[in-house]
Structures are given as structure tokens and as C-alpha cells.
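Q: If you use the numbering used here, the sequence shown corresponds to residues 6 to 551, in order. The beta-carbon is built from N, C-alpha and C at its ideal position, and this holds for glycine as well. No experiment lies behind these values; they were computed from the predicted model shown. Just dropping this structure here.
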Amino acid sequence: MKKSASIIIGILICLIVMGIAYFWATSLMDSIYAYRSPLQNTPPKPGTALGKPNARSFVIVLIDALRYDTSLKTDVMPYLNQLRSVGASGLMHSRPPSYSQPGYSVILTGAWPDISDGPAMNLDYADIPSFTQDNLYSASTRAGLHTAISAFNWFEKLIPQQGVSASFYTAGEDNTADQQVTEAAVPWLTEGQYQLVLIHLDQVDYAGHHEGGPIDPRWDAAANRTDQLLQQIGTTMDLTKDTLLVISDHGQIDRGGHGGQDPIVLMEPFVMAGKGVVPGNYGDVQMVDVAPTVAAILGTNIPATNEGHPLIAMYNFSLDQIKAINDELTTQQSQLARLYQEAIGQPVNVTQSQDVVTATQSSMDGATEALLNIQRIPRGIITFVAIFFLLIVAAWHARPYYNWMVLGLVCYVIVFNIKYLLIDHKTYSLSSVIDATNLIASTALTALLALLVAWIVVILGTKIYLLKPRKAADLTMKFILVTLSFITIPVLVHYFINGAVVTWTLPNFLISFLGLIFLIQALIVAAIGLLLTGISPLLGYFAHGK
Numbered sequence: 006m007k008k009s010a011s012i013i014i015g016i017l018i019c020l021i022v023m024g025i026a027y028f029w030a031t032s033l034m035d036s037i038y039a040y041r042s043p044l045q046n047t048p049p050k051p052g053t054a055l056g057k058p059n060a061r062s063f064v065i066v067l068i069d070a071l072r073y074d075t076s077l078k079t080d081v082m083p084y085l086n087q088l089r090s091v092g093a094s095g096l097m098h099s100r101p102p103s104y105s106q107p108g109y110s111v112i113l114t115g116a117w118p119d120i121s122d123g124p125a126m127n128l129d130y131a132d133i134p135s136f137t138q139d140n141l142y143s144a145s146t147r148a149g150l151h152t153a154i155s156a157f158n159w160f161e162k163l164i165p166q167q168g169v170s171a172s173f174y175t176a177g178e179d180n181t182a183d184q185q186v187t188e189a190a191v192p193w194l195t196e197g198q199y200q201l202v203l204i205h206l207d208q209v210d211y212a213g214h215h216e217g218g219p220i221d222p223r224w225d226a227a228a229n230r231t232d233q234l235l236q237q238i239g240t241t242m243d244l245t246k247d248t249l250l251v252i253s254d255h256g257q258i259d260r261g262g263h264g265g266q267d268p269i270v271l272m273e274p275f276v277m278a279g280k281g282v283v284p285g286n287y288g289d290v291q292m293v294d295v296a297p298t299v300a301a302i303l304g305t306n307i308p309a310t311n312e313g314h315p316l317i318a319m320y321n322f323s324l325d326q327i328k329a330i331n332d333e334l335t336t337q338q339s340q341l342a343r344l345y346q347e348a349i350g351q352p353v354n355v356t357q358s359q360d361v362v363t364a365t366q367s368s369m370d371g372a373t374e375a376l377l378n379i380q381r382i383p384r385g386i387i388t389f390v391a392i393f394f395l396l397i398v399a400a401w402h403a404r405p406y407y408n409w410m411v412l413g414l415v416c417y418v419i420v421f422n423i424k425y426l427l428i429d430h431k432t433y434s435l436s437s438v439i440d441a442t443n444l445i446a447s448t449a450l451t452a453l454l455a456l457l458v459a460w461i462v463v464i465l466g467t468k469i470y471l472l473k474p475r476k477a478a479d480l481t482m483k484f485i486l487v488t489l490s491f492i493t494i495p496v497l498v499h500y501f502i503n504g505a506v507v508t509w510t511l512p513n514f515l516i517s518f519l520g521l522i523f524l525i526q527a528l529i530v531a532a533i534g535l536l537l538t539g540i541s542p543l544l545g546y547f548a549h550g551k
């Protein structure tokens with residue numbers, strides 16, 4: 006019994022790691038799905054309407070998942086590029102999480118995902134909450150304007166429907182659904198009685214998820230069909246009276262998918278044409294700039310949780326209108342900073358600046374980081390001690406086969422990444438996640454393959470097969486514990502930076518995803534490690550013939 010103590014302890018450690026990894030990983034994902042803004046229960050109050058609409062109708066065409074580079078292809082989207090040539094355009098930037106529901110929320114509230122109180126992940130239809138924060142539809146209704154929307158049915162849950170005068174929703178995502186969405190919206194454009202219209206076209210996103218992604222020819226085909234529908238919309242409008250804005254909510258990685266921090270999914274087109282628009286390429290704009298810009302053109306109040314700039318240079322506002330916009334923006338930003346300070350309990354010190362939005366945003370970001378740093382101090386101590394302990398334990402278990410244990414660990418890392426990055430073409434982000442089952446299954450298979458290769462290397466190097474059964478099992482368990490020690494380090498780094506789970510602010514998504522991936526690996530390595538430890542005595546048994 007005494008001779009087997011190390012093996013028994015190792016088995017107990019593996020069982021404990023499996024339990025902790027499972028509950029931590031599931032709690033982490035559940036916390037992201039359940040995330041709500043610090044301003045959920047104390048939303049800023051709407052300010053004063055800016056005046057009368059500057060255009061008869063303002064029409065937003067939201068082409069779901071349209072990548073910026075795809076939008077520039079004149080052979081694929083000729084009409085969009087025609088609008089770009091006569092209108093105001095820019096490269097729009099968003100922030101993770103780059104899912105649709107967070108993107109829709111940013112576009113309509115002007116607030117980034119951490120405070121917009123829209124879902125942080127795409128939720129099932131039944132679970133989608135309505136906006137708690139002020140938004141373009143609520144602001145338009147308060148200003149006495151008529152609104153309309155033709156879109157995927159997620160918008161039916163997100164937008165408080167008392168702010169919608171006319172609507173068409175579909176559960177479809179393909180070309181047929183887009184044609185129905187367009188057909189429902191066209192009469193609204195000819196009547197001209199709706200001041201705010203949102204038309205959501207979804208087939209590009211469908212092609213990304215179900216037809217091979219942007220590297221597949223069917224992606225460009227979907228974009229081209231969408232461009233034809235856009236032309237139908239644009240030519241129905243009277244652009245001497247109406248204003249048209251074409252945007253997207255996110256991009257997609259080459260093989261399809263979005264949700265993470267990948268640069269390509271955080272760049273979208275911004276093209277505005279029609280009445281009042283001052284043509285030109287305006288360079289970089291932010292997704293949060295959409296809502297205050299639309300509000301300024303329609304003469305509503307700036308959405309109360311807005312964090313963006315009204316793009317005044319893009320539109321022919323009068324000097325009096327510009328003054329009114331800036332005055333209202335100053336009031337709105339002051340209230341936002343005050344309420345955010347109260348919500349997180351950390352001072353938001355806004356510096357005096359001509360750019361009130363940048364100053365407020367910088368101050369809010371600074372307050373967020375200051376509070377995170379306060380919370381990171383005890384977590385940092387725990388993380389440092391834990392990593393130091395794990396390295397000591399790993400070194401103790403690796404003796405006297407340091408070289409082969411390290412080589413086995415290196416083989417595990419190399420094989421895992423070859424399969425994950427080069428064979429499966431995944432990225433270290435949520436963009437590569439199809440669903441929870443796929444994430445667990447694919448990560449488990451990759452970890453299993455990597456661990457088997459690494460174990461074989463250790464077997465050959467240490468000649469486990471020449472050892473007695475108990476010695477063989479003991480050596481295998483030591484390798485498993487060494488591997489688990491190093492796998493745990495990225496999890497501890499996630500804990501230090503983000504906390505165990507998501508609470509009052511959104512995490513660093515790269516570090517959070519790595520933490521999740523390594524939690525799954527820890528679970529699999531511990532489970533397979535128990536199996537390999539049980540198999541190891543057979544090697545010694547057959548080698549010694551007993």
C-alpha cells in the first residue's frame with residue numbers, strides 16, 4: 006500500500022482536476038451567456054430631442070456578416086460601391102464579442118457590449134431580453150416619428166415593440182428570407198411615411214456558417230444577391246429626400262464563424278448616401294458612432310447610453326444644429342459618466358477636452374481598469390503562489406527523467422497546435438466555436454491525440470516497458486501530473502486577468518478563451534491519464550512476463 010501511495014494520490018488529483026475543470030468551464034460559459042450591464046437597473050434617462058428630421062426617411066440596411074474586404078469588390082457588390090463613390094464611407098470598427106445580438110445592440114443603442122445590456126452571446130429566441138437602455142426606436146417614438154423594421158426575428162425580442170410602427174419578421178436566413186424581407190420593406194419606402202426604417206439581410210451570414218465561409222465561392226454569390234436586393238431598395242428610395250446607410254454587424258473568419266477578437270471579424274463597411282450626405286472617404290469610424298449619427302439626422306435625442314460620436318462632418322448640418330448636437334452630447338456624456346461611476350463604485354474622472362466623447366470614454370475605461378487592478382491584487386498573489394507551486398511539483402515529478410518529461414510536454418503542445426491550427430483550421434477565439442458540443446468534442450479529440458503521441462515519446466525515452474508494472478504506472482502518472490501542471494498555468498492567468506467567471510464587466514476574450522480551452526484540456530488529460538496509468542502496468546507485465 007505504501008509503495009502505491011504516489012499512484013493513489015495521483016488518481017485522486019486527476020479526479021479532483023476533472024471535477025474542478027468541468028464545473029469551472031461550464032460556469033465560465035454560463036456567466037458569459039448571463040452577463041448583464043452594470044447599468045441594467047439604472048439606465049440613463051433620455052435627453053432632449055434635437056429637432057425635426059433632416060430627411061424624409063432614414064433607411065438602415067444591415068447586411069449581416071458582410072466583411073469589409075468583400076464590400077470593396079466591385080464585381081461582387083457593384084451597387085454598394087456605386088453608393089460608396091457618391092456618398093460618405095468609412096471602415097467601421099467593432100469590439101468583441103463579435104456575435105450578431107451584441108452587434109445589433111451596439112448599432113441601436115450606441116453603447117459597447119459591456120454596457121449596452123444587449124446579450125453578450127447569441128441567445129435562443131425565447132431567451133432574448135428587450136433593451137433596457139435607450140435606443141433609436143424608443144427615441145424616434147418619443148419624438149413622434151414613425152418607425153418600421155423588416156428583419157430576422159431576433160429583432161422582435163431585442164427592440165421594445167411599442168417603439169415599432171410597422172414590422173415584418175422572419176425565422177429564415179437564406180436568399181428566400183431576404184427576398185421576403187425586401188418585399189415587405191419596399192412599400193414603406195415608396196410611401197415615405199416612416200422616418201426610421203431598418204432592413205436586415207441575412208444570407209451572407211448564412212453562407213458563412215453553412216456554405217464554406219468567405220473562402221468559398223458561395224460567399225461572394227450570396228453577397229452579390231444581397232447587392233441586387235440593396236439596389237432594389239436604393240432605387241425605390243428617393244435619395245434627394247431620403248438617406249440610406251449600409252452597414253454590417255461583424256465579419257467572419259475565412260472558413261466561417263465569428264464571435265471572437267479576430268481582427269477580420271471586427272471590421273465592417275460604412276456607406277451613407279442620399280439627402281444631406283457630404284461625399285468622401287472618412288477613414289475609420291466606430292460602430293458606436295452609428296446610433297448618435299442617425300439620431301442627429303432624425304432630430305431625436307441622442308440615445309442615453311451612447312458612447313459614440315455623431316459623424317457631423319458626413320452630413321450637411323447647419324451651425325445651429327451642430328451646436329445643439331454638441332450641447333446635447335455634453336449633457337448625455339456627463340450623465341453617462343456619473344451613472345457608470347455609481348454602478349461600479351469607482352471614480353470616473355472626466356478630463357476637460359474639446360472631444361467630450363473621447364474624454365468620457367477614456368475616463369470610463371480608466372475607471373474600469375482601476376477597479377479590475379484592485380481586484381487583481383489578491384488574485385495575482387494566489388496565481389503567483391499557485392504557479393510557483395505547480396512548477397515545483399512538476400520538477401519533483403519529472404525527476405530523474407527531466408529531459409524526456411519536457412520533451413513529452415513539448416510534443417503535446419506541438420501536436421495539439423498542429424491539429425488545432427493547421428489541420429482543423431481553428432483560431433484561438435470564439436469565432437471557431439460552432440457550439441458547446443463541438444467545442445468540447447473537437448478539443449477533447451485533439452487533446453487525446455496530442456497526449457497519446459506525447460506518452461509514446463515518454464515510453465520510448467524512459468523505457469517504461471522495461472519497468473515493473475507498478476513502476477510503469479507510477480512513471481505514467483508522473484508524466485500526467487507534469488502535463489496537468491503546465492496546462493493549469495493558462496487557466497491561472499485567465500483567473501488573474503479576468504476572474505474565475507464573468508461578473509460586472511466583459512473579459513479579455515483572448516485570455517478568457519485560452520482559459521476555457523485549457524480547462525477542457527485539463528479535464529481530458531486527467532481522464533485519459535487515468536486510463537493510460539491503468540494501461541502502463543501491462544507494458545511492464547508483458548516485458549517481464551509476469
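1. Can you tell me the Cα-Cα spacing of T47 and S517, whole angstroms?
2. Report the option in V462, S436, H98 whose CA atom is closest to the CA atom of V418.
3. Is it right to say P352 is buried, meaning 16 or more other beta carbons lie within 10 angstroms of its own, or is it exposed?
4. Would you grab the beta carbon distance between W409 and T467 for me? Rounded to a whole angstrom, and I think it's under 8 Å.
5. Find out if the Cβ-Cβ distance for the pair G256, E273 is shorter than 8 Å.
6. Given a cut-off of 8 Å, decide if V420 and V362 are closer than it, judged by their beta-carbon atoms.
7. Quick check: what's the CA-CA separation for V282 versus D247?
8. With distance defined between alpha-carbon atoms, name the residue in Q200, V398, A364 nearest to R147.
9. State the DSSP-derived secondary structure class of D289, mapped to helix, strand or coil.
10. Which of helix, strand or coil does DSSP assign to T467?
11. Quick one: what does DSSP say I307 is sitting in, helix, strand or coil?
12. Going by CA-CA distance only, name the one from N321, A318, D294 that's closest to Q366.
13. Given a cut-off of 8 Å, decide if R404 and L271 are closer than it, judged by their beta-carbon atoms.
14. Would you call K280 buried or exposed, if buried means 16 or more other Cβ atoms sit within 10 Å of its Cβ?
15. Assuming L141 contacts P308 under a Cβ cut-off of 8 Å, what Cβ separation, rounded to an integer in Å, is found between them?
16. Could you check the C-alpha separation between L535 and Q185 for me, to the nearest Å?
17. State the DSSP-derived secondary structure class of I220, mapped to helix, strand or coil.
18. Which term fits K431, buried or exposed, when burial requires 16 or more other beta carbons within 10 angstroms of its beta carbon?
19. How many Å lie between P297 and E312 at the Cα?
20. Ignore the nearest five residues each way along the sequence and tell me which others in T175's own chain have a CB closer than 7 Å to its CB.
21. Who are E273's beta bridge partners in DSSP?
22. According to DSSP, V282 sits in a beta bridge with which residue or residues?
23. Since S76 and L85 are thought to touch, with beta carbons under 8 Å apart, how far apart are those beta carbons, to the nearest angstrom?
24. Go through its chain and collect everything with a Cβ distance to W117's Cβ below 7 Å, but skip five positions before and after it.
25. State yes or no: is the C-beta of Q266 within less than 8 Å of the C-beta of F514?
26. Take S155 and list the residues in its own chain whose beta-carbon comes closer than 6 Å to its own, dropping the five residues that flank it on each side.
27. I'd like to confirm the pairing. Which residues does DSSP put opposite A171 in its beta bridges?
28. List the endpoints of the continuous alpha helix (DSSP H) containing F28.
29. Put I133 into one of helix, strand or coil per three-state DSSP.
30. Excluding the 5 residues flanking T538 on each side, which residues of the same chain have their C-beta closer than 6 Å to its C-beta?
31. Nearest-angstrom Cα distance between I21 and V487?
32. Start and end of the alpha helix (DSSP H) containing L88?
33. My understanding is that V64 touches L249, with C-beta atoms under 8 Å, so please give their C-beta distance in whole angstroms.
34. For L96 versus D243, is the C-beta spacing smaller than 8 Å?
35. Starting from I164, follow the beta strand (DSSP E) in both directions and report where the run begins and ends.
36. Compute the beta-carbon to beta-carbon distance between H314 and G261, rounded to the nearest angstrom, for a pair I have assumed lies under 8 Å.
A: The relevant details are as follows:
1. As a position in the sequence shown, residue 47 is number 42, starting the count at 1. As a position in the sequence shown, residue 517 is number 512, starting the count at 1. Roughly 28 Å separates the two Cα atoms.
2. Within the sequence shown, numbered from 1, the residue matching residue 418 stands at position 413. When each option's Cα is compared against that of V418, the closest is V462.
3. Taking the sequence shown and counting its residues from 1, one reaches residue 352 at position 347. By the 10 Å Cβ count, P352 comes out exposed.
4. For the purposes of this step, residue 409 is taken as residue 404 along the sequence shown, with counting starting at 1. For the purposes of this step, residue 467 is taken as residue 462 along the sequence shown, with counting starting at 1. With 8 Å as the limit, W409 and T467 qualify as a contact, their Cβ atoms being about 5 Å apart.
5. Numbered from its first residue, the sequence shown carries residue 256 at position 251. Numbered from its first residue, the sequence shown carries residue 273 at position 268. Taking 8 Å as the Cβ cut-off, G256 and E273 qualify as a contacting pair.
6. In the sequence shown, counting from the first residue as 1, residue 362 sits at position 357. In the sequence shown, counting from the first residue as 1, residue 420 sits at position 415. Contact: no.
7. Indexing the sequence shown from 1 puts residue 282 at position 277. Indexing the sequence shown from 1 puts residue 247 at position 242. Roughly 10 Å between the two C-alpha positions.
8. To locate residue 147, count along the sequence shown from 1; it is residue 142. Minimum Cα-Cα distance from R147 among the listed residues Q200, V398, A364 corresponds to Q200.
9. Position 284 of the sequence shown, counted from the start, is the residue given in the question as residue 289. It is a strand residue.
10. By one-based count along the sequence shown, residue 467 stands at place 462. When secondary structure is reduced to three states using DSSP, T467 falls in the helix class.
11. Your numbering for residue 307 matches position 302 in the sequence shown. DSSP, reduced to helix, strand and coil, places I307 outside both helices and strands of the structure shown, so it counts as coil.
12. Residue mapping note: residue 366 aligns to position 361 of the sequence shown, counting from 1. The shortest C-alpha separation from Q366 is found at D294.
13. As a first step, residue 271 must be located in the sequence shown, where it is residue number 266. As a first step, residue 404 must be located in the sequence shown, where it is residue number 399. Contact: no.
14. Position 275 of the sequence shown, counted from the first residue, corresponds to residue 280. The C-beta of K280 has 16 or more other C-beta atoms within 10 Å across all chains shown, which makes the residue buried.
15. As a first step, residue 141 is located in the sequence shown; it is residue number 136 there, counting from the start. As a first step, residue 308 is located in the sequence shown; it is residue number 303 there, counting from the start. The pair is a contact, with the Cβ atoms about 6 Å apart (cut-off 8 Å).
16. Within the sequence shown, numbered from 1, the residue matching residue 535 stands at position 530. Within the sequence shown, numbered from 1, the residue matching residue 185 stands at position 180. Looking at the backbone, the Cα of L535 and that of Q185 are separated by about 56 Å.
17. Taking the sequence shown and counting its residues from 1, one reaches residue 220 at position 215. Looking at I220 - three-state DSSP - the assignment turns out to be coil, as it is neither helix nor strand.
18. Locating residue 431 in the sequence shown gives position 426, where the first residue counts as 1. Around the beta-carbon of K431, 16 or more other beta-carbon atoms lie within 10 Å, marking it buried.
19. What you label residue 297 is simply residue 292 of the sequence shown in a count that begins at 1. What you label residue 312 is simply residue 307 of the sequence shown in a count that begins at 1. One Cα belongs to P297, the other to E312, and the distance between them is close to 9 Å.
20. Numbered from its first residue, the sequence shown carries residue 175 at position 170. The answer, listed in chain order, is F157, N158, A182, Q185, V186.
21. Along the sequence shown, one-based indexing puts residue 273 at 268. Residue pairing by DSSP puts E273 in a beta bridge opposite M97.
22. As a working mapping, residue 282 is identified with position 277 in the sequence shown. Residue pairing from DSSP places V282 in a beta bridge opposite Y320.
23. Residue 76 sits at position 71 when you count from the first residue of the sequence shown. Residue 85 sits at position 80 when you count from the first residue of the sequence shown. Between the beta-carbon of S76 and that of L85 there is about 6 Å, and that keeps the pair under the 8 Å contact cut.
24. Here residue 117 refers to the residue found at position 112 of the sequence shown. Contacts found: R100, V111, V293, E312.
25. Within the sequence shown, numbered from 1, the residue matching residue 266 stands at position 261. Within the sequence shown, numbered from 1, the residue matching residue 514 stands at position 509. The Cβ atoms of Q266 and F514 lie closer than 8 Å to each other.
26. Reading the sequence shown from its first residue, position 150 is the one you call residue 155. If we look at S155 and ignore the five residues flanking it on each side, its Cβ neighbours are F173, V186, A189, A190, I204.
27. Here the question's residue 171 lines up with position 166 in the sequence shown. By DSSP's assignment, A171 forms a beta bridge with A153.
28. Within the sequence shown, numbered from 1, the residue matching residue 28 stands at position 23. DSSP places F28 inside the alpha helix (DSSP H), whose first and last residues are 10-38.
29. Position 128 of the sequence shown, counted from the first residue, corresponds to residue 133. In the displayed model, I133 falls within coil according to three-state DSSP, outside both helix and strand.
30. For this step, residue 538 is matched to residue 533 along the sequence shown. In the same chain as T538, and ignoring 5 residues on each side of it, the C-beta atoms closer than 6 Å to its own belong to A478, T481, M482, in chain order.
31. Your numbering for residue 21 matches position 16 in the sequence shown. Your numbering for residue 487 matches position 482 in the sequence shown. Whole-angstrom Cα-Cα distance: 15 Å.
32. Position 83 of the sequence shown, counting from 1, holds the residue named residue 88. Start and end: 83-91.
33. Within the sequence shown, numbered from 1, the residue matching residue 64 stands at position 59. Within the sequence shown, numbered from 1, the residue matching residue 249 stands at position 244. At roughly 5 Å, the Cβ-Cβ gap stays under 8 Å, so V64 and L249 are in contact.
34. What you label residue 96 is simply residue 91 of the sequence shown in a count that begins at 1. What you label residue 243 is simply residue 238 of the sequence shown in a count that begins at 1. No; because the gap between Cβ atoms is not below 8 Å, this pair is not in contact.
35. In the sequence shown, the residue the question calls residue 164 occupies position 159. Secondary structure note for I164: it is in no beta strand (DSSP E), with a DSSP letter that is neither H nor E.
36. As a position in the sequence shown, residue 314 is number 309, starting the count at 1. As a position in the sequence shown, residue 261 is number 256, starting the count at 1. In fact, because the Cβ distance is near 32 Å, the residues do not count as touching under 8 Å.
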